[in-house]
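Per the numbering used here, the very first residue in the sequence shown carries number 214; after that it's consecutive.
Data first, discussion second: the structure below is written as structure tokens.
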Amino acid sequence: MFPPAPNEPFKSIYLASHGWHAGIVVKRADIPAGVWPEHNEFPDAEYLEVGWGDKDYYMTPDPHFGITLKAGLLPTDSVLHVVGFSGSVTRYFSLSDVTRIDLSYEGFARLCHYISSSYARDEAGKAQRLGRGLYGKSQFYLSEETYHAFNTCNVWTARGLRNAGCPLVPAMTEVASFGAVIQVVQSND
């Protein structure tokens, strides 16, 4: 699944590091039908960036020390932040570190399933939208997962990559930093 075999078709994703936070960027048109229904809420977008993190910290425009401390010490509710945009990924995230990763079709589908499974859904299977996101055309959605010191946005990202077939050992997905994730992925290109 990663890297794709020579001459095997592949789908490209991107990892965007925004300092402390990492996001996964996928081409919206590449998402398999029925796998991740919420991608249809961004019909004009060429790409979707998905990030995950502590609900209170992520949704507060200028989080204070107490929110930061709580997010680091206590298990808390979490959210997904989904941004729809078009054009060059590196240009859109020009102030971030962006890394392209090529996945097999199977690996890409598994990554999409992983992202979709992170949404909290009601009895009808609909994601619970919480409101407008931080920038661009974006939305926050409630997540099924709990955020804590050993389950951070970088760990969530590393687990997604592992599900897609990237060679991350289980221990690394528990304590991942964005830099460590990128080093492992780039060393296997």
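Here a beta-carbon is modelled for each residue, glycine too, at the ideal position from N, C-alpha and C.
The structure displayed is predicted, hence computed values, not measured ones.
- DSSP, read as helix, strand or coil, puts ALA235 in strand.
- Per DSSP, ILE314 is one residue of the beta strand (DSSP E) stretching across 310–317.
- Taking a 10 Å sphere around the C-beta of PHE363, we find fewer than 16 other C-beta atoms and assign the residue as exposed.
- Distance from the Cα of LYS240 is smallest, within the candidate group GLY266, VAL295, TRP265, HIS361, for VAL295.
- Ranked by Cα distance from HIS234, the options LEU343, GLU319, PHE306, ALA377 are led by PHE306.
- In the DSSP annotation of this structure, the continuous segment of the alpha helix (DSSP H) that includes VAL302 starts and ends at 302–305.
- When beta bridges are read from the DSSP output, ASP243 appears opposite no residue.
- Counting the other Cβ atoms within 10 Å of the Cβ of GLU357 gives fewer than 16, which makes it exposed.
- Assigned with DSSP and collapsed to three states, VAL295 falls in strand.
- Around the CB of SER301, fewer than 16 other CB atoms lie within 10 Å, so the residue is classed as exposed.
- Beta-bridge annotation (DSSP): LEU374 is not paired with any residue.
- Between the stretch 332–339 and the stretch 253–264 there are fewer than three inter-stretch CB-CB distances shorter than 8 Å, so the stretches are not counted as touching.
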